[in-house]
Amino acid sequence: MSGPDVRHVVEPLLDVRGLIAELDTPAGIARAVDGLDFEVRAGETMALLGESGCGKSMTAGALMRLLPDVGYIAGGSVKLAGRELTTLTEAQMRESRGSDMAMIFQEPATSLNPVLTVLQQIGEVLATHRGLRGAPARARALELLNAVGIPDAARRLDEYPFQFSGGMKQRAMIAMALAGEPRLLIADEPTTALDVTIQAQVLDLLARLQRERGMAVLLITHDLGVVARMAHQIGVMYAGQLIEQAPRAAFFTRPAHPYSKLLFDALPDAARHGRGELATIPGSVPPLTTAFTGCRLADRCPQAWSRCRDEAPAWHEAGEAQRVRCHLYDPAETARAAPTATAPSTVVADGRIEAGQARLLSVRDLKVHFPIRRGVLQRVVGHVRAVDGVSLDIRPGRTLALVGESGCGKTTVGKAILRLIEPTGGTVSLDGQDVGSLSRSALRSLRARMQMVFQDPYGSLNPRMRVGEIIGEGMGALQQGGDGMAVARLLEQVGLRADMADRYPHEFSGGQRQRIAIARSLAVQPALIVCDEPTSALDVSVQAQILNLLGRLQRDMGLAYLFITHNIAVVEHLAHDVAVMYLGRIVEIGSVDQVLGAPRHPYTKALLSAVPRADLDAATLPQKLTGDLPSPADPPSGCHFHPRCPRAQARCRTDVPVLEGHDGRQAVACWFAD
Amino acid sequence: MFRPVFLWSDILLWAMVAGCIALAVYCRRQDYLRRAWRRVGESGVAMASATILAAFVSVGLLDSLHYQPRLPAQEGSSEVQYAPEVLSALDALVADLRLNKEKTYSAPLATHAFAKETMERDGVQTRDYPRLKWGGAHLEEVAGRDSDLARRAASGAFYGLLLWAVVVGVAVGWMALARGAPYGATCRTVWRPDTATTRPIAWRAVFVTLAVLCVIGGVTAAWAAGYHVFGTDKVGQDVLYLSLKSVRTALLIGTLTTLVTLPLAVALGLIAGFRGGWWDDAIQYLYTVLNSIPGVLLIAAMVLMMQVIIDTHPEWFETAAERADARLLALCFILGLTSWTGLCRLLRAETLKLRELDYVQAARAFGVGDARIMARHILPNLMHIVLIALVMDFSGLVLSEAVLSYIGIGVDSSMNSFGTMINAARLELSREPVVWWSLAAAFVLMLALVLAANLFADAVRDAFDPRFQWRARRILKKVAA
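Line by line, the protein sequences give chains A and B. Each residue of the first sequence is one higher than the one before, starting from 217 at the first, in the numbering used here. Each residue of the second sequence is one higher than the one before, starting from 5 at the first, in the numbering used here.
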């Protein structure tokens with residue numbers, strides 16, 4: 217998609233002026249949206265960009281007048297095609313929702329009703345807003361499903377949401393949103409829950425539909441890559457306010473606001489290719505119950521001075537069509553604005569410990585099959601081959617990244633290595649000891665050598681235990697002491713204060729919780745930590761902090777990581793070696809430079825090209841994957857990838873390719889590798 | 005003067021009171037529990053119903069201090085003798101009600117009996133309604149009854165309000181002391197709290213409810229000094245007295261039963277959910293089978309067996325009260341055995357969910373043992389469900405006692421309970437004119453108890469709901485609009 221920077225002279229379709237939305241929370245009134253001004257023209261995509269808790273979703277809710285029970289619009293105006301929405305009655309508003317404006321949500325799994333067929337759900341919208349029933353409705357629904365690219369749409373119409381994959385559900389959701397032929401589509405993190413290859417498909421679909429129908433799109437996202445790919449106009453939100461507004465080209469060439477610059481710097485990026493420290497934004501978003509006097513970023517901004525704390529900044533021009541709410545761009549402060557290029561991320565000496573040849577962890581032909589039981593007698597009728605013959609090695613002080621889409625079995629590999637799931641076959645040996653054959657007590661002593669950090673920092677800490685107890689638990693269980701001193705030292709090691717040991721997890725932000733989880737796993741002084749997507753639930757700036765912490769701990773303590781992720785940018789930043797998994801098997805394994813720089817397997821290539829990049833020339837898409845990940849209960853014969861592979865030939869359908877590499881190149885499991 | 009008697013149910017009830025106090029201390033220390041209970045305190049409905057429940061509980065506790073009064077020493081004997089009947093502190097407080105019996109039925113606040121009798125007046129035999137022995141006996145003129153009632157009501161209400169003013173005055177004074185605020189300011193914040201910025205404990209609801217209770221109590225007490233407020237039953241016992249005595253039975257059934265259900269439900273639910281496999285199958289079959297047996301049949305069989313045991317071993321029990329008490333405990337035990345399945349099912353489902361959570365996985369990665377994971381990681385996260393189930397089950401158990409006593413397999417017939425009152429009312433309702441007051445008294449008190457318990461349970465459930473959200477304050481919404 218080219219970035220059309222056409223200046224529309226037409227009236228804006230959506231015109232938001234001074235919108236204020238508040239939440240009545242136990243802590244007081246939180247002003248989640250504070251004086252928002254923006255407009256969206258027909259055929260244009262406006263992206264609202266911001267970290268969690270900055271009020272993006274509340275903005276969407278306020279526009280649709282679908283706020284939570286405790287929320288209400290406290291002021292401002294919302295005009296859609298000249299019609300004021302805030303003063304409409306609820307009945308008028310209901311009419312407007314779906315026909316004038318429609319919304320698609322983040323989680324496709326929960327935004328469709330599981331007991332209604334797709335036709336019934338689309339039909340409901342068609343009946344309400346278009347007055348279509350019966351055969352005409354069916355015909356229209358079929359058109360819509362075809363438009364969103366659902367194959368075999370005629371049959372799919374009568375299926376239930378559970379028969380759809382995640383990407384298909386999101387397409388069906390988009391079809392529902394389009395059924396009322398809205399002029400404005402609000403997309404609230406539409407692809408966050410999807411895998412990169414599916415995300416690429418859905419983003420393309422949205423862009424195509426917008427072009428065809430001339431819709432205005434309000435895209436709400438935290439992902440700079442998605443913004444780069446989709447947006448015409450960009451608004452950066454922080455603590456309930458817009459702080460920068462710019463057209464796409466201007467924003468990606470010279471972000472003006474210090475916060476925007478920090479967001480770019482915090483992004484792990486191949487272009488800088490450093491294994492150095494990422495720029496981080498210190499602190500966290502202030503609670504919205506605060507009565508702000510100065511600039512809301514003042515406490516976290518590297519360029520803040522006294523004026524920032526005392527006086528709220530007004531809008532200033534920062535180039536063509538670019539506005540920014542920052543004192544630096546006040547014409548009176550030109551002297552300050554000039555020299556401050558953001559500090560480049562400090563490059564630390566490459567943390568690669570020249571690895572000894574001794575393998576810390578050695579996994580050979582690991583298999584985890586889950587039985588599928590049916591019937592009264594619970595007979596085993598088949599197996600889900602979650603992990604189907606995985607071999608890998610990790611040496612001390614090195615990081616192996618395990619990359620793949622959801623459902624490919626990468627988390628199962630991690631848990632099977634720790635024997636949290638009993639492997640069905642294969643061997644796992646740590647320091648030459650076979651983990652699989654150990655007795656319970658011998659296993660317990662080996663547990664101190666390897667630990668795990670989980671994906672969701674909210675689910676991995678027991679909400680009923682104090683932080684000190686959480687960290688001390690492992691030490692206690694493995695008879696390593698666990699006194700207050702050790703806990704305090706660990707807390708300081710991960711960048712928290714020692715006195716936080718007496719608090720409960722709910723008092724901490726996501727990033728702090730993840731630090732606590734890391735401290736917990738460090739407590740028993742492991743040699744290997746399995747990190748299961750430790751940053752995927754975190755904001756970019758917090759992700760940078762955690763990645764820096766992990767990097768520092770590796771350099772200081774010589775830890776080895778098995779880093780399970782789907783985020784390629786993180787891999788580039790942190791990993792030494794990469795293994796790419798597809799449907800329970802590793803399809804390519806080698807060093808980062810080899811695999812990411814010169815991928816040999818067609819799946820690796822497709823995966824890499826699907827990742828949205830946060831820069832302007834990201835638009836080229838040489839390879840696109842069609843279809844979804846097949847079910848591991850019934851994997852395709854031969855090479856698992858052949859149904860989606862552009863190079864597949866007869867041989868791929870019958871013979872399983874072997875993972876092998878020659879001449880120092882990375883190993884790859886493909887009959888027709890480059 | 006008297007000899008204290010410790011019935012088993014008294015001991016258990018007071019032990020539960022001690023347990024509740026210990027639990028309250030524990031809750032104050034645990035941050036999440038304190039916050040949840042505070043949310044209960046912020047709800048006006050919850051605090052009002054808690055006040056009513058507290059009134060019931062204090063009646064029940066007063067009725068759980070038993071003793072045998074000493075008989076007057078016989079001539080020439082130094083041996084100390086105690087009466088065979090066991091009384092309670094409540095009996096002593098309302099001795100008037102207990103002792104002043106009529107011959108048979110009389111309507112509430114009546115001065116004359118309910119049935120005509122042949123009596124001799126001025127040497128002539130007539131059939132008329134006789135004056136009651138006690139109800140309204142102080143009246144010279146029967147016509148003066150209404151004005152007498154009004155006078156008594158006014159003075160009763162006055163004394164009730166006086167009592168209320170003293171209690172509230174002391175309570176507010178205590179609050180002022182605790183907060184270090186002046187007395188007048190504390191009064192103002194209690195009466196009209198600053199809801200715009202804070203969510204205070206709903207003391208106003210407590211005090212208003214207390215005022216209503218004090219006025220009702222005062223009026224009732226004033227009337228009860230000269231009349232039978234709820235009338236009398238077939239053998240002339242005061243129905244108000246019977247109703248007050250029934251409160252203890254209802255409370256006992258509602259609380260002691262949980263002593264049986266709780267260990268069963270928690271232990272089996274945890275094991276079934278956490279261990280899974282063979283354990284899970286066995287426990288599931290157990291409660292599915294138990295659920296398929298009609299509960300009433302099981303209870304009837306076991307209560308009747310218990311009755312036979314009690315009857316064949318009279319030497320085990322010194323007094324009739326102890327016999328009745330044994331049967332009550334047996335009933336609690338049996339009710340408990342049949343009612344743990346619902347909670348067990350809930351806990352099993354929640355455990356199934358919790359054991360897959362990352363923090364349980366993390367604990368397993370440290371090699372923490374199963375028992376310890378259950379105790380440290382799973383049980384505390386189930387406690388809110390246990391608590392909600394307990395409070396919700398209470399009213400169901402009170403009602404089931406009434407039903408069981410009605411069909412004759414409930415508490416001992418010598419023990420007062422709402423069920424036995426309703427059972428007696430079965431015949432009274434078929435009389436013409438109808439004797440309605442026993443049923444009405446049982447109905448009103450049971451309604452008050454169960455409704456208060458249900459409203460309180462609702463508030464507890466809301467407060468412990470992790471997805472709890474405040475309703476937006478309406479005033480603010482209006483201002484915003």
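Glycine included, C-beta positions come from ideal geometry on N, C-alpha and C. Computed from a predicted model, the values in this text were never measured in an experiment.
In the DSSP secondary-structure assignment, CYS855 (chain A) is not bridged to any residue. Cβ atoms of ASP647 (chain A) and LEU576 (chain A) come within 8 Å of each other, at about 7 Å. Between VAL194 (chain B) and ARG331 (chain B), the gap from beta carbon to beta carbon reaches 8 Å or more. A direct Cα-Cα distance of roughly 7 Å separates GLU405 (chain B) from ILE257 (chain B). In the three-state DSSP reduction, ASP198 (chain B) falls in the coil class, being neither helix nor strand.
Counting only the Cα atoms, TRP283 (chain B) lies some 31 Å from GLY688 (chain A).
The beta carbon of TYR289 (chain B) sits no closer than 8 Å to any beta carbon of chain A. Judged by DSSP secondary structure, VAL597 (chain A) falls outside any alpha helix (DSSP H) and instead within the beta strand (DSSP E) spanning 595-610. By DSSP's assignment, SER807 (chain A) forms a beta bridge with A:ASP793.
By the neighbour-count criterion, in which a residue is buried when 16 or more other Cβ atoms sit within 10 angstroms of its Cβ, LYS357 (chain B) is exposed. Assignment of TRP227 (chain B) by DSSP, reduced to helix, strand and coil, places it in the helix class.
Per DSSP, THR437 (chain A) is one residue of the beta strand (DSSP E) stretching across 432-437. When Cβ-Cβ separations below 8 Å define contact, ASP374 (chain B) makes no contact with chain A. Note on geometry: alpha-carbon atoms of ASP850 (chain A) and GLY298 (chain A) lie some 54 Å from one another. Close partners of MET668 (chain A) in chain B (Cβ separation under 8 Å): GLN365, ALA366, ALA369. Scanning its chain for C-beta atoms nearer than 6 Å, with the 5 sequence neighbours on each side dropped, one finds around LEU459 (chain B) the residues VAL49, SER53, in chain order. Under the three-state reduction of DSSP output, HIS543 (chain A) falls in the helix class. Boundaries of the alpha helix (DSSP H) around ALA388 (chain A): 382-395. In this structure, the beta-carbon distance from VAL619 (chain A) to VAL341 (chain A) does not fall below 8 Å.
Taking VAL84 (chain B) as the centre and dropping the five residues before and after it, the same chain places the C-beta of ARG74, ALA77 closer than 8 Å to its C-beta, in chain order.
Residues of chain B whose Cβ lies closer than 8 Å to the Cβ of PRO679 (chain A) are, in chain order, TYR36, ASN385. Within chain B, ASP35, TYR36 have C-beta atoms less than 9 Å from the C-beta of TYR720 (chain A), given in sequence order. For GLU267 (chain A), no alpha helix (DSSP H) segment is defined, and its DSSP state is neither H nor E. By the 16-neighbour rule on beta-carbons within 10 angstroms, ASP242 (chain B) is buried. Sorting B:GLN365, B:ALA228, B:TYR109 by C-alpha distance to the C-alpha of GLY630 (chain A) places B:GLN365 at the top. Around ASP647 (chain A), no beta-carbon contact reaches into chain B at under 7 Å, the shortest distance being about 17 Å. Residues of chain A whose Cβ lies closer than 7 Å to the Cβ of LEU361 (chain B) are, in chain order, GLY675.
In the structure shown, GLY535 (chain A) adopts coil according to DSSP, grouped into three states.
Here LYS295 (chain A) carries a strand assignment [DSSP, helix/strand/coil]. Taking 8 Å as the threshold, the shortest C-beta distance from HIS116 (chain B) to chain A does not fall below it. The distance from the Cβ of ASP604 (chain A) to that of LYS626 (chain A) is about 13 Å, inconsistent with a contact at the 8 Å cut-off.
Residue contact with chain A for HIS381 (chain B): present (Cβ-Cβ distance below 8 Å to some residue of chain A). The Cβ atoms of PHE60 (chain B) and VAL251 (chain B) sit closer than 8 Å to each other. At least one beta carbon of chain B lies nearer than 8 Å to the beta carbon of ARG736 (chain A).
With respect to chain B, the C-beta atom of ALA693 (chain A) has a partner C-beta closer than 8 Å. Residue environment: ASN764 (chain A) is assigned as buried (16 or more neighbouring CB atoms within 10 Å of its CB, all protein chains considered).
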